[in-house]
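Undergrad: Please find one structure pasted underneath; my questions will follow.
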Amino acid sequence: MLALLIGCLGLIAGLRLIAADGESAGQGIVHTVPTPVASTNEGCTNFARYWMVDSGVGVSAETIEALGNCRQAADGTWFVPTDPRDPRLPPEALLTQEERQETAAERAEILSEIAALEATMPQTLRRWLNEMYDPIPRAMTGHIRDGFRIGVRRGRYTRLIQAFLMDPRREALANYVGWIMGRRIAAYEDFLATCLRDKDLAYLENACRGVEDQLSIRFPPFPWDLKDPLMLDAYFAAQLRENAAEPAATPASE
-12 MLALLIGCLG
-2 LIAGLRLIAA
8 DGESAGQGIV
18 HTVPTPVAST
28 NEGCTNFARY
38 WMVDSGVGVS
48 AETIEALGNC
58 RQAADGTWFV
68 PTDPRDPRLP
78 PEALLTQEER
88 QETAAERAEI
98 LSEIAALEAT
108 MPQTLRRWLN
118 EMYDPIPRAM
128 TGHIRDGFRI
138 GVRRGRYTRL
148 IQAFLMDPRR
158 EALANYVGWI
168 MGRRIAAYED
178 FLATCLRDKD
188 LAYLENACRG
198 VEDQLSIRFP
208 PFPWDLKDPL
218 MLDAYFAAQL
228 RENAAEPAAT
238 PASE
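Per our numbering: the sequence shown = residues -12 to 241.
Written out as structure tokens, the structure is:
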């Protein structure tokens, strides 16, 4: 647990380096996938098909899933889940009733800390985030309005949450944020390595690298993502599966 907390704090501390309000910080303009207007599920299909097949890059489905909110069903179709119990989700992503009870206290603690985070927001930042938010999710980018310039807003939110999470009392939320960011960064690094390995596809390098900013890979999740029941379930499922896979400690011999 100590190692996990140290890793999370390392991610949080690293946010200071990318949260400046300089020109580069204002570059973040969220776009949907580079296709005609489509439904959210069609957007997921188009994004996945392009990077997995059409472009020749060959990104894995697991990487696509870890980058954003799109998921692949058992029949190969792509979708954005509508509920934590969405039957299209794989069994390992679902929590049993017993697991929900087991994680209920920590879930409540995380949600309480998110509420405390929101209570510290200046009115201007709160208004900015409300302007960004769209209740209808977009493929990969989530609840951010199309074409919305998020750079300055994202930078100021990053500085706020960084300061908030440095408080030792916020360990539960820090672990949660660290897990989300660590998962997305690892997926992006795999995505980029896959993109750059074929010299014949060098013309795609800028597009590949652009995904990092377009999907806010190295930035903390916005409050609506943190409160998303699907994200919380994914976090607890990952922790439970990881703990179950760890070998039991061998008693010390006398």
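Glycine included, each C-beta is placed from N, C-alpha and C at the ideal position. Everything numeric in this text was worked out from a predicted model, so none of it was measured.
(1) With distance defined between alpha-carbon atoms, name the residue in Arg184, Arg94, Asp177 and Pro155 nearest to Glu254.
(2) Can you grab the Cα-Cα spacing for the pair Leu202 / Val139, in whole Å?
(3) Take the Cβ of Gln84 as the centre, count every other Cβ of all protein chains shown within 10 Å, and call the residue buried at 16 or more, exposed below.
(4) To the nearest angstrom, how far is it from the Cα of Arg132 to the Cα of Arg125?
(5) What residue ranges within the segment 126 to 207 form continuous beta strand (DSSP E) runs of no fewer than 3 residues, ordered along the chain?
(6) Which class does Pro122 belong to by DSSP, given the choice of helix, strand or coil?
(7) Along the alpha helix (DSSP H) that carries Ser99, what are the first and last residues, could you check?
(8) Have a look at Glu105 and Ala189 and give me their C-alpha separation to the nearest angstrom.
(9) Alpha carbons only, please: which of Val67, Val44 and Gly43 is nearest the one belonging to Thr32?
(10) Looking only at C-alpha atoms, which of Val46, Ser99 and Glu199 sits nearest to Arg156?
(11) Opposite Phe66 in the DSSP bridges: which residues?
(12) Taking 8 Å as the cut-off, does the segment 72 to 82 touch the segment 219 to 226 (at least 3 CB pairs, one atom from each stretch)?
(13) Which of helix, strand or coil does DSSP assign to Leu76?
(14) From this set, Pro216, Phe209 and Asp62, which residue's C-alpha is nearest Asn117's C-alpha?
(15) Alpha carbon to alpha carbon, how far is Ala174 from Ala150?
(16) Taking its Cβ as the centre, do 16 or more other Cβ atoms sit within 10 Å of Leu(-11), making it buried, or is it exposed?
TA: Let me lay it out:
(1) As shown, the chain starts at -12 and ends at 241. That puts residue 254 outside it, with no answer to give.
(2) 15 Å
(3) exposed
(4) 8 Å
(5) 129 to 131
(6) Strand.
(7) Gln84 to Ala106
(8) Taking the Cα positions, Glu105 is about 43 Å away from Ala189.
(9) Here the closest residue by C-alpha is Val67.
(10) Ser99
(11) DSSP output for Phe66 lists Arg58 as bridge partner(s).
(12) yes
(13) coil
(14) Minimum Cα distance to Asn117 is reached at Phe209.
(15) 26 Å
(16) For Leu(-11), the predicted model reports a pLDDT of 38, less than 50, meaning its position is unreliable; a value from the coordinates is still stated below. Burial call: exposed.
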